[in-house]
Structures are given as structure tokens and as C-alpha cells.
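Asks: So the protein lines, in turn, are chains C and R.
Mapped onto the numbering used here, the consecutive letters of the first sequence carry residue numbers 1 to 323.
Mapped onto the numbering used here, the consecutive letters of the second sequence carry residue numbers 1 to 156.
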Amino acid sequence: MPDNSYVYAVARIRSLEMGLFGESTIEQLMACKTAENCMAFLSEHGWEVPANPTDAESMLKREQERTWETIRELKVDMSVFDILSYQQLYHNLKAAIKEICVGSVDANIFFPDCAVSKEDMLHAIQEKDYSILPEHMREAAKYALETMLQTRDGQLCDIIVDHAALMAIHEKGKHAKLEVLRRYAESVVSVADIKIAVRGAKTGKNRLFLERALAPCDSLDLEKLTTAALMGTEAVCTYLTECGFAEAVEALKESNSLFERWCDNQIIHAIQPQKYNSFTAGPLIAYVLARENEIKTVRIILTGKQNQLPEAFIRERIRDMYV
Amino acid sequence: MNGMVWALLGAVTAAALAGIGSAYGVGVAGQAAAGVVTEDPSKFAKVLLLQLLPGTQGIYGLLVAFITLSQIGLLGGSMAELSLGTGLMIFCACLPIGIVGLISAMYQGKTSVASIGIVAKKPEQFGKAMLFPAMVETYAILALLVSILAVTSIPV
Numbered sequence: 001m002p003d004n005s006y007v008y009a010v011a012r013i014r015s016l017e018m019g020l021f022g023e024s025t026i027e028q029l030m031a032c033k034t035a036e037n038c039m040a041f042l043s044e045h046g047w048e049v050p051a052n053p054t055d056a057e058s059m060l061k062r063e064q065e066r067t068w069e070t071i072r073e074l075k076v077d078m079s080v081f082d083i084l085s086y087q088q089l090y091h092n093l094k095a096a097i098k099e100i101c102v103g104s105v106d107a108n109i110f111f112p113d114c115a116v117s118k119e120d121m122l123h124a125i126q127e128k129d130y131s132i133l134p135e136h137m138r139e140a141a142k143y144a145l146e147t148m149l150q151t152r153d154g155q156l157c158d159i160i161v162d163h164a165a166l167m168a169i170h171e172k173g174k175h176a177k178l179e180v181l182r183r184y185a186e187s188v189v190s191v192a193d194i195k196i197a198v199r200g201a202k203t204g205k206n207r208l209f210l211e212r213a214l215a216p217c218d219s220l221d222l223e224k225l226t227t228a229a230l231m232g233t234e235a236v237c238t239y240l241t242e243c244g245f246a247e248a249v250e251a252l253k254e255s256n257s258l259f260e261r262w263c264d265n266q267i268i269h270a271i272q273p274q275k276y277n278s279f280t281a282g283p284l285i286a287y288v289l290a291r292e293n294e295i296k297t298v299r300i301i302l303t304g305k306q307n308q309l310p311e312a313f314i315r316e317r318i319r320d321m322y323v
Numbered sequence: 001m002n003g004m005v006w007a008l009l010g011a012v013t014a015a016a017l018a019g020i021g022s023a024y025g026v027g028v029a030g031q032a033a034a035g036v037v038t039e040d041p042s043k044f045a046k047v048l049l050l051q052l053l054p055g056t057q058g059i060y061g062l063l064v065a066f067i068t069l070s071q072i073g074l075l076g077g078s079m080a081e082l083s084l085g086t087g088l089m090i091f092c093a094c095l096p097i098g099i100v101g102l103i104s105a106m107y108q109g110k111t112s113v114a115s116i117g118i119v120a121k122k123p124e125q126f127g128k129a130m131l132f133p134a135m136v137e138t139y140a141i142l143a144l145l146v147s148i149l150a151v152t153s154i155p156v
């Protein structure tokens, strides 16, 4: 008998997608003159206004919480969402290593609601008890901690952990049954590799750095990308164009913000087919990613309005919407 | 087995297989309908109609079973004397609605789920959304016609 365990959840998500912001809603938000007007507009569209009506960050945080509350209400297998939190989980690992090695860091630097709590993460690093951590991050945690203790090189530690995060996403995506997860993993890793190569080329990083940082993906040949990054930005652009990333090159040539926007849009493009899927967890994952994208775009607009930045400056950073 | 057993088995097959298909189809469409109504109760009537569409195969199976039982005299209380060949012919005549009913109801249920997705996002497109699962009905009706014509044409 076919698996229909997501039919109810997907139908609910289809209704909830009606509340997602499309391009026209984002245009209306852009038309608001001040950040306060934006907050009022968001409130009219069902966003919860915090106790302090000017506290935009609380509003955005609450919306993120609401997304996960909705997903938890659906009573589906939450393990399909694990891959989405890998970057946050590995970020927490970096924070824990630095807190243990360097001393206390800002308490707010840890992402909440991860598979491993802040306390467990700190305990694992303090006691070198990696069994608390998920299997995919144990080796990286041990290696990064040893490197940090021996070299005190925070950047090297970051590279090790970030590379491990990309490897974990790539592995999880490669073995995922859901197409959306495979596409998500491929997008995340390929975009991260492109960013590393571009930044490496701009800052003149050596081969060792690039080999440590780049993670394998299907869209890119790492050897060719490394060689191009060592030759310079122009060579990276030529290689990316050959690999079908001409849009990334165009964006990169325009400005860094357009390039960042292209990077985020890749994820949204990867989840588009989920609009027409009714039977798997794909639309649920797409909804979570679409909400994150929506919240990020609203944050960009609110920050721009709060700082009275020119409209063109804000508009350049607005991400594509899922609906 | 004598002819009566085969004929009865045919009636049971028609009702059971088509009924199983409809139960699955209505069930899966019902899950999707419940999901939409959870968020927007105003769409209840529209999604209910879409949920009911895969239920027709069960009715067709029941209809063929009744006709068969009537043909062989089980309903009237005067059982006909059936040869093995006649019984097997009646059994075969019942198979189209049994098999096609089972499969078409399951697929119609899935199509209804997809159409419920349309109604969730674009309720004004309800008419078009109805057409997609209704197309699957065609094949159940064809199978029903074949089964009825065959069952009623077999001399008892």
C-alpha cells in the first residue's frame, strides 16, 4: 500500500502557502515609508506584533518559531528536517570550541532548537565526550578542537568545521530518498563552494586552504575550481560559466549583494517543483525554506527602512519568493 | 466447485475489489480534505465533493454484485442450476468492474488529493479541479458497462 502519511500535512501546507508573501506583497512592503509602517503592514498580514511594537527582531524571531510550531503540529517524522539544521548545528560546534578554548563568548551566538543543546555541546567539547554528538560531526569536533588547542587559529578551526558541515549535508543529500533534499544539499554545497572559490581568489588563498575548505558536489569539479581560484577571479568566472553558472558570474560582476542574492535564490529555485507534489514531505521542507527566505527578505527590508537606506539599495538585496 | 460457487465468487469479487479501491481513494482524499479544512473551514463543501468522487467505484461494484445475485436467483430465493462453464462465465463477467474499480478508485483518490491542493490555493478553479479526478471515472464506467452487459447476457 502506498505511503500516504504526508497527505494531510501537505494539504494543510497548501492552505498555509496562501499566507506566504509573493512578489506583490513584498512590493507593498517596500512601498511602506518607514520601518514602523512596515511593522503595521506585517501585523495586518498576520505576523505577531511583539510587546514593543518597534522591536523588529523579536517579531522575526517569533515568526521563525511559528514556522516550526506549525510543522510540529502536523505530527510528521521530524527527521526529514534534520539536514536543514546542519549549518546551525555546526555553527554551534564552532561556538562551543571557541568558548572552551578562548573563554566565554556571547551567549546569544548559539542557535536554539538544534538536535544538540548548547549545554550538551559545551559538555561534549569540555569533556571530549563526542558520543553525545551526532555521528557525522564527531570526527570534525575532535579534529577542530585539537587544531584549536594546538594552533589557537580560529580561522583554521572554522574551516574544518564548515567543511565538515558541507560534507555532512552532501552525504545526507546523496542518500536522501526525497528529491527536494537531494536538490537542497546540492544547492547548498555548490553555492558554498562557489563562494569559497570567489573569496579565495579575491584574497589570494593558497591551494591548501582551498582543498581544506571545498566540499565535493555534482555540479563542480573541485580540482578545476581550485586551479581556477588560484589563478584569480577571472578564471573562476570562466570556469563557472563553463559549468552553467553564468548567472552567478553576471551577478558577481554587478555587485557582491547581487551575488549573495543569487546564492539564496538557488535554494528557492531548487524547491520550486514541490509546489506540484502532494504525497511526500517535500512541500513541508519547501515551506520551511520558503518561510526562512521570506523572513530573511523582510529582515533586509526592515533593516533598510530603519537605516533609511535608498530604495535601490534595498531592492538589490530582495530575494525571489517561493509563491 | 460447481457453477454457483464461481458465480457467487464473481459477485463477491466485484463488490469487494471495487469497495477496497473506493475505501482507499475516499480515505486518502479525506486526509487531504481534512488538512485543507483545518486551515480554512469555508472550503468544506468543495473538498467534500472531491473526496466523494472515488466512492463511485464501490457503488458500481455493489450494482454488479446485485445484478449477478439476481441473475443466479440468490436474491429471489430460487437458486438457478448453473453448470461449471456458466459459473465461470459469470465470474469472468464480474472481473472488469472488480479489477478496474480497484485500480481506478485508488488513482482517482490520488488525483482528488492533487485537486484538493488546487482548491486549497485557488478555490475559484474548483470546476477545473473537479475535471481531473472525473476523467479517471471514465474507465470505471466502461468497466461497469462491460460487466453489466456480460452478466445480463449470459443465459442462466
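Glycine is no exception: its CB is placed at the ideal position from the N, C-alpha and C atoms.
1) What is the C-beta distance between H163 (chain C) and A185 (chain C), in whole angstroms, given that I count them as a contact (C-beta under 8 Å)?
2) Run the proximity test for S42 (chain R): is its beta-carbon closer than 8 Å to any non-hydrogen atom belonging to the ligand PLP?
3) Taking buried to mean at least 16 other C-beta atoms within 10 Å of its own C-beta, is Q51 (chain R) buried or exposed?
4) For Y324 (chain C), go through chain R and note every residue whose CB falls closer than 7 Å to its CB, in chain order.
5) Taking only runs of the beta strand (DSSP E) that begin and end inside the segment 50-93 of chain R, which ones reach a length of at least 3 residues, in chain order?
6) Three Cβ pairs or more, each shorter than 8 Å: is that satisfied between the segment 143-153 of chain R and the segment 93-107 of chain R?
7) Counting contacts by CB-CB distance shorter than 9 Å, is E124 (chain R) in contact with chain C?
8) Could you give the distance in angstroms between the alpha-carbon of R199 (chain C) and the alpha-carbon of V191 (chain C)?
9) Using a Cβ cut-off of 7 Å, which residues of the segment 109-141 of chain R contact any Cβ in chain C, in chain order?
10) Just the Cα atoms here: how many angstroms apart are I219 (chain R) and Y60 (chain R)?
11) I'd like to know whether the C-beta of Q31 (chain R) is nearer than 9 Å to at least one C-beta of chain C.
12) Could you please give the first and the last residue of the uninterrupted alpha helix (DSSP H) stretch that includes A160 (chain R)?
13) When burial is assigned at 16 or more other CB atoms within 10 Å of the CB, is A312 (chain C) buried or exposed?
14) In the DSSP assignment, find the alpha helix (DSSP H) that holds C211 (chain C) and state where it starts and stops.
15) Once the 5 residues before and after M106 (chain R) are set aside, which same chain residues still bring their CB inside 7 Å of it?
16) Would V288 (chain C) pass as a contact of T25 (chain C) if the rule is Cβ separation under 9 Å?
17) So what does DSSP say about G304 (chain C), is it helix, strand or coil?
18) Mind checking whether F279 (chain C) and V113 (chain R) have CB atoms under 9 Å apart?
19) DSSP state of S131 (chain C), grouped into three classes?
20) Can you say whether T151 (chain C) is buried or exposed, counting buried as having 16 or more other CB atoms within 10 angstroms of its CB?
21) Does chain R have any CB closer than 9 Å to the CB of V189 (chain C)?
22) Considering only C-alpha positions, which residue in the set C:L220, C:I97, C:V161, C:L258 is nearest to R212 (chain C)?
23) What residues in its chain sit with their C-beta under 7 Å from that of A140 (chain C), if we drop five residues either side in the sequence?
24) Can you tell me the Cα-Cα spacing of K253 (chain C) and A229 (chain C), whole angstroms?
25) Would you identify the three-state DSSP class for M321 (chain C), choosing helix, strand or coil?
26) Does E316 (chain C) come out as helix, strand or coil in the three-state DSSP assignment?
27) For K43 (chain R) and A290 (chain C), what's the separation of their Cα atoms in angstroms?
28) Please classify P41 (chain R) as buried or exposed, where buried requires at least 16 neighbouring CB atoms within 10 angstroms.
29) Does the Cβ of P133 (chain R) have 16 or more other Cβ atoms within 10 Å, making it buried, or fewer, making it exposed?
30) Got a sec: is the Cβ-Cβ distance from E81 (chain R) to anything in chain C below 9 Å?
31) What span of residues does the alpha helix (DSSP H) with H170 (chain C) cover, start to end?
32) Could you pull out every residue in the same chain whose Cβ sits closer than 7 Å to the Cβ of K118 (chain C), ignoring the five residues on either side in sequence?
33) Between the C-alpha atoms of Q125 (chain R) and Q108 (chain R), what's the straight-line distance to the nearest angstrom?
34) Name, going along the chain, the residues of the segment 35-53 of chain R whose beta-carbon falls closer than 7 Å to a beta-carbon of chain C.
Replies: Reading off the structure:
1) Contact doesn't hold; Cβ gap of about 15 Å is too wide.
2) What this structure holds is no ligand at all, so the ligand PLP is not there to describe.
3) Q51 (chain R) should be labelled buried.
4) Examination of residue 324 (chain C) is not possible in this model, given that chain C is present from 1 through 323 alone.
5) none
6) yes
7) no
8) 12 Å
9) V113, A114, I116, G117, A120, K121
10) Because chain R spans 1 through 156 in this model, residue 219 (chain R) falls outside it and cannot be assessed.
11) Judged by the 9 Å Cβ criterion, Q31 (chain R) is in contact with chain C.
12) No answer is possible for residue 160 (chain R): the residues shown for chain R start at 1 and end at 156.
13) exposed
14) It should be noted that the sequence gives Glu, not Cys, for residue 211 (chain C). First-last of the alpha helix (DSSP H) with E211 (chain C): 207-213.
15) If we look at M106 (chain R) and ignore the five residues flanking it on each side, its Cβ neighbours are G21, Y24, G25.
16) no
17) Looking at G304 (chain C) - three-state DSSP - the assignment turns out to be helix.
18) yes
19) helix
20) exposed
21) Chain R contact via Cβ: absent.
22) Out of C:L220, C:I97, C:V161, C:L258, C:V161 has the C-alpha closest to the C-alpha of R212 (chain C).
23) I160, V161, A164
24) Take the alpha-carbon of K253 (chain C) and the one of A229 (chain C): they are about 16 Å apart.
25) coil
26) coil
27) 24 Å
28) exposed
29) buried
30) no
31) Counting along the chain, the alpha helix (DSSP H) containing H170 (chain C) begins and ends at 154-174.
32) Non-local beta-carbon contacts of K118 (chain C) in its own chain, meaning distances under 7 Å to residues more than five positions away in sequence, involve N92, F110 in chain order.
33) Cα-Cα distance, rounded: 18 Å.
34) Along the segment 35-53 of chain R, the positions whose C-beta sits under 7 Å from a C-beta of chain C are G35, V36, T38, E39, D40, read in chain order.
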